[in-house]
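Visitor:
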Amino acid sequence: MTSSQKQIMLSALTPSNRITIGNYIGAIKNWEKMSRDYDCLFFVVDLHALTERRDPTHQQELSRRALASYIACGLDPQNVTIFFQSHVPAHAELSWILTCHSYMGELSRMTQFKDKSQKHGESIPAGLFSYPVLMAADILLYQTDLVPVGIDQKQHIELARDLAIRMNGLYNPNRASKSKLDAALKQAGDTKSDPQTVKIAGDLFKLPDAWIPEVGAKIMSLQDPTKKMSKSDPDPKAAVYIDDSDKEIEKKVKSAVTDSGSEIRGTADQPGVLNLLTIQQSLTGKSLDELVQSYAGKMYGHLKAETADMLVEKIRPIREETERLVRDGIYLQQVMQQGAEKARARADATLNQVKDALGLIR
Ligand code: AQP
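First residue of the sequence shown: 3, per this note's numbering; consecutive thereafter.
1) Determine the burial state of GLN283: buried for a count of at least 16 other Cβ atoms within 10 Å of its Cβ, exposed for fewer.
2) Rounded to a whole number of angstroms, what is the C-alpha to C-alpha distance between CYS75 and SER97?
3) Work out the CA separation of GLN355 and GLY361 for me, nearest whole Å.
4) I'd like to check one pair, PHE86 with VAL151: are the Cβ atoms closer than 8 Å?
5) Under 8 Å, do ALA349 and VAL90 count as touching if we go by C-beta distance?
6) Would you list, in sequence order, the uninterrupted alpha helix (DSSP H) runs of no fewer than 4 residues that lie entirely inside the segment 44-117?
7) Taking the beta carbon of ASN170 as the centre, do at least 16 other beta carbons fall within 10 Å, making it buried, or is it exposed?
8) Helix, strand or coil: how does DSSP classify THR193 here?
9) Can you tell which of ALA166, HIS122, ARG318 and ARG56 has its C-alpha closest to the C-alpha of MET137?
10) Where does VAL337 sit, in a helix, a strand or coil, going by DSSP?
11) Rounded to whole angstroms, what's the CA-CA distance from THR280 to GLY218? Just pull it up for me.
12) Quick one: any contact between the segment 301-314 and the segment 249-256, if contact means 3 or more CB pairs under 8 Å?
13) The alpha helix (DSSP H) spanning PRO134 covers which residue range?
14) Say whether the segment 11-22 touches the segment 48-57, bearing in mind that this needs 3 or more beta-carbon pairs closer than 8 Å, one atom from each stretch.
15) Could you compute how far the alpha carbon of SER110 sits from the alpha carbon of PRO127?
16) Tell me whether MET11 counts as near the ligand AQP, meaning its Cβ is closer than 7 Å to at least one heavy atom of that ligand.
17) Between which two residues does the alpha helix (DSSP H) carrying LEU165 extend?
18) Report yes if the C-beta distance between LEU77 and TYR144 is below 8 Å; otherwise report no.
19) Can you list, in chain order, the residues of its chain with a C-beta nearer than 7 Å to that of LYS229? Leave out the 5 residues immediately preceding and following it.
20) Among TRP33, ILE10 and THR22, which one has its Cα closest to the Cα of ASP235?
21) Quick check on the burial criterion: 16 or more other C-beta atoms within 10 angstroms. Buried or exposed for ASN277?
22) How far does the alpha helix (DSSP H) with MET312 in it reach, from first residue to last?
23) Helix, strand or coil, according to DSSP, for LEU206 in the structure here?
24) Hey, quick one: how far does the alpha helix (DSSP H) through LEU276 stretch, first residue to last?
25) Tell me, which residues are paired with ILE10 by DSSP?
26) For the segment 199-219 and the segment 237-246, state whether three or more C-beta atom pairs, one from each stretch, are separated by less than 8 Å.
27) Can GLY327 and GLU95 be called in contact, C-beta distance under 8 Å?
28) Report back the beta-carbon spacing between PRO210 and VAL149 to the nearest angstrom; my notes put them in contact at under 8 Å.
29) Taking 7 Å as the cut-off, is the CB of LYS306 close to at least one heavy atom of the ligand AQP?
30) Taking the CB atoms as reference points, tell me whether GLY268 and LEU293 lie closer together than 8 Å.
Here it is, written out as structure tokens:
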């Protein structure tokens, strides 16, 4: 299949800190697998990272490392488009246009906004509020079919769909009258689905679907297994990073919070144990039942030691390759330039259609 016949898949990661095994298991690991069957765009959302203040030199380091890690995790820049969000100005432009079509109410309902704004007291950065609109622009610019994400991002994909439906409804004249819509649906060869979800001639955007992994959609903090593992968790023991040393990985997993019992059941009332089993499930492809059976009669110490070993084996080559790539500045520069050129051409095609539809003179 040529890339133009393949469905379009897109995903991204915020360089807000080093990449965790949550990001790896919930997102990057699946990108690599899917990159063979889809026309893929993967990018580093450096504009999203600006919602928090960070030292500019450190920010550059985080962004470069994220790019290097994508490649170290198996993404092939010859086969997929890899780029930085800030290298494609259309993201920020479409974001403003979509902001003008978004409602305060729907943005205030975003769970991530509610969670992340808490620590800011009275001075909540407006960027945190409008972040999901920029994310919608990221997705809609590329006429994306599928967005692989962890469960925490599902609500943001739903917003992107709502905005696409709203914009298509407002600016596609074929949707204005029933007879024109029926004719357009017939032409699209789909008269059964909800007309809002079928892309017809004149639509600005395709509606994206979220793809959520069956296993590992929400890896939990090692220190508080009721909370998501996050890059920016201030407790360094809460997450394993994909460039942690073997020793650090062992130490963190061995000090993971479990509970006071000793039997390994993998049930919801053992969130810490379940989290370690989920990590193993994702790394081995084994079922939960199979893993629980293999731990019959064993102690939490066994579970922790074996999880640590698996992570060490998985992470070591990624860490070593990331370090090698970070030192190869010329190669990374080449990847980011080529990726940005390919992405710009595709993003501009959509943005120009949007500008025309809205009456902006180009
Ligand atoms: N704990 C997790 N388990 C599974 N998937 C996860 N993802 C994030 N955390 C987990 C998925 O990783 C991708 C990249 O997300 P992001 O960096 O754009 O934003 P995020 O979801 O806000 O990630 P973090 O790690 O929690 O970062 P901070 O601390 O900066 O907010 C997404 O697909 C996400 O679902």
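By construction, the Cβ of each residue, glycine as well, lies at the ideal position given by its N, Cα and C atoms.
Guide: If we stick to the structure as given:
1) Answer is buried; the Cβ neighbour count reaches 16.
2) Between the alpha carbons of CYS75 and SER97 lies a distance of about 29 Å.
3) The alpha-carbon atoms of GLY361 and GLN355 are separated by roughly 10 Å.
4) The answer is no: Cβ separation not under 8 Å.
5) In this structure, VAL90 lies closer than 8 Å to ALA349 by Cβ.
6) Taking only runs of at least 4 residues, the alpha helix (DSSP H) segments lying wholly in the segment 44-117 are 58-74, 92-101 and 106-110.
7) When all chains shown are included, ASN170 counts as buried.
8) Reduced to three states, the DSSP call for THR193 is coil.
9) The shortest C-alpha separation from MET137 is found at ALA166.
10) In this structure, VAL337 counts as helix in the three-state DSSP scheme.
11) A straight-line Cα-Cα distance of about 6 Å links THR280 and GLY218.
12) Contact between the segment 301-314 and the segment 249-256 is present: three or more C-beta pairs spanning the two stretches fall below 8 Å.
13) 128-142 is the extent of the alpha helix (DSSP H) around PRO134.
14) Flag = yes, the segment 11-22 and the segment 48-57 touch.
15) The straight-line gap separating the alpha-carbon atoms of SER110 and PRO127 is approximately 13 Å.
16) Result no, Cβ not under 7 Å from the ligand AQP.
17) For LEU165, the enclosing alpha helix (DSSP H) has its first and last residue at 156-173.
18) Not closer than 8 Å, so no.
19) Cβ neighbours of LYS229 beyond the five flanking positions: MET222 and SER223.
20) Ranking the options by Cα distance to ASP235, first place goes to THR22.
21) That one is buried.
22) 302-329 is the extent of the alpha helix (DSSP H) around MET312.
23) Coil.
24) LEU276 -> alpha helix (DSSP H) spans 273-286.
25) Note: ILE10 is bridge-paired with ASP41 in the DSSP secondary-structure output.
26) When Cβ pairs closer than 8 Å are counted between the two stretches, the segment 199-219 is seen not to touch the segment 237-246, the count staying below three.
27) Before going on, a small fix: residue 327 reads as Leu here, not Gly. In this structure, the beta-carbon distance from LEU327 to GLU95 does not fall below 8 Å.
28) Going by Cβ atoms, the distance from PRO210 to VAL149 rounds to 5 Å, so yes, they are a contact pair.
29) Result no, Cβ not under 7 Å from the ligand AQP.
30) Contact flag set, yes.
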